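Participant:
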Amino acid sequence: MLENVKAFIFDLDGVITDTSVLHEKAWRKMAQEDGIPFPENLSNSLRGVSRRKSLELILENTDRKYTEIEIQEMMDRKNRYYRESLAELSPNNLLPGAEELIDTLNINGYKVAIGSSSKNAAVVIEKLGIKHKLDAVVDGTEIEKSKPDPEIFLKAAEKLALPPNECAVVEDAASGVEAANAGGFVSIGIGPESRFIQENQKPNMRLNNVQELLKNLIN
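Quick note: the sequence shown uses numbering that gives the first Met the number 0, first residue 0, plus one each step.
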């Protein structure tokens, strides 16, 4: 399955590091301030989707209608809370096996890219200390359509100068795997099988964590 792969494009949150908890805390704080319910099961739905889509999902829990000005203010406020929490981020926040995997790919001649919907991806990458190990980065500031549209991964492949079928996309979100499949990439889903239920969200390869991907490459 990976025989023709020359590059790996990684989602950032939930694959290389886990800032999803920081996103959730920021959204939850914003929602509580505005008296908007934030159900416990909402967190999974916010994985891998844009800031606006995340807010739309949160606002489904209230009957109140918001103006565009109010929506923009809420997104800006959430982003301020999230960016404040990034101050403490460091290489210690890399998920187990992530840096070793990137190093192994670099040593073996694979190209490595990040494809993240986050508009703060550049800050996160800098804090994690992995910028110099990447061949390309595409984030939320460069795209018009968020996942499950494949635009972000297609732009990453373009920067790598490779066709999609020679790139593997590593994702922990169902919407990300759906985007990879739609773009003609080799899709690798990280997480439990129950996360990738719909047919168009089933990855070509499913693993529990990036450490398993490292073992697959070494073997």
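Cβ atoms here follow ideal geometry from the backbone N, Cα and C, with glycine treated the same way. Given the structure is predicted, the values throughout are model-derived calculations rather than measurements.
Could you tell me which residues DSSP puts in a beta bridge with Arg50?
Facilitator: Mapped onto the sequence shown, residue 50 falls at position 51. Partner residues in a beta bridge of Arg50, as assigned by DSSP, do not exist.
Participant: Quick test of your reading: Asp138 and Lys118, contact by CB under 8 Å. State the CB separation rounded to the nearest angstrom.
Facilitator: The residue given as residue 138 occupies position 139 in the sequence shown. The residue given as residue 118 occupies position 119 in the sequence shown. Right, the Cβ-Cβ distance comes to about 6 Å (below 8 Å), so this counts as a contact.
Participant: Quick one: residues in its chain with C-beta nearer than 6 Å to the C-beta of Ala167, no 5 flanking neighbours on either side, listed in chain order?
Facilitator: Stepping through the sequence shown from its first residue, residue 167 is reached at position 168. Once the five neighbours on either side are set aside, the close Cβ partners of Ala167 are Val4, Phe7, Val185 and Ile187.
Participant: Within the same chain, show all residues whose beta-carbon is closer than 7 Å to that of Asn232, passing over the 5 residues directly before and after it, in chain order.
Facilitator: Nothing can be reported for residue 232, as the shown portion of the chain is limited to 0 through 218.
Participant: Can you name the start and end residues of the beta strand (DSSP E) that Leu206 belongs to?
Facilitator: Here the question's residue 206 lines up with position 207 in the sequence shown. Element bounds for Leu206: Met204 to Leu206.
Participant: Might you give, ordered along the chain, the residues of its own chain that have their beta carbon closer than 6 Å to the beta carbon of Lys77, omitting 5 neighbours on each side?
Facilitator: Within the sequence shown, residue 77 is the residue found at index 78, counting from 1. Here the set comprises Ala25, Trp26 and Met29.
Participant: Quick one: Cα of Leu11 to Cα of Ser19, how far?
Facilitator: Residue mapping note: residue 11 aligns to position 12 of the sequence shown, counting from 1. Residue mapping note: residue 19 aligns to position 20 of the sequence shown, counting from 1. The straight-line gap from Cα to Cα measures roughly 10 Å.
Participant: Using the three-state DSSP reduction, which class does Asp12 fall into: helix, strand or coil?
Facilitator: For the purposes of this step, residue 12 is identified with residue 13 of the sequence shown, where counting begins at 1. Asp12 falls in the strand class under three-state DSSP.
Participant: For the segment 200-212 and the segment 90-108, state whether three or more C-beta atom pairs, one from each stretch, are separated by less than 8 Å.
Facilitator: yes
Participant: Tell me which residue opens and which closes the beta strand (DSSP E) that Gly114 is part of.
Facilitator: Sequence index remark: in the sequence shown, residue 114 carries index 115 (1-based). Unbroken beta strand (DSSP E) run through Gly114: Lys110 to Gly114.
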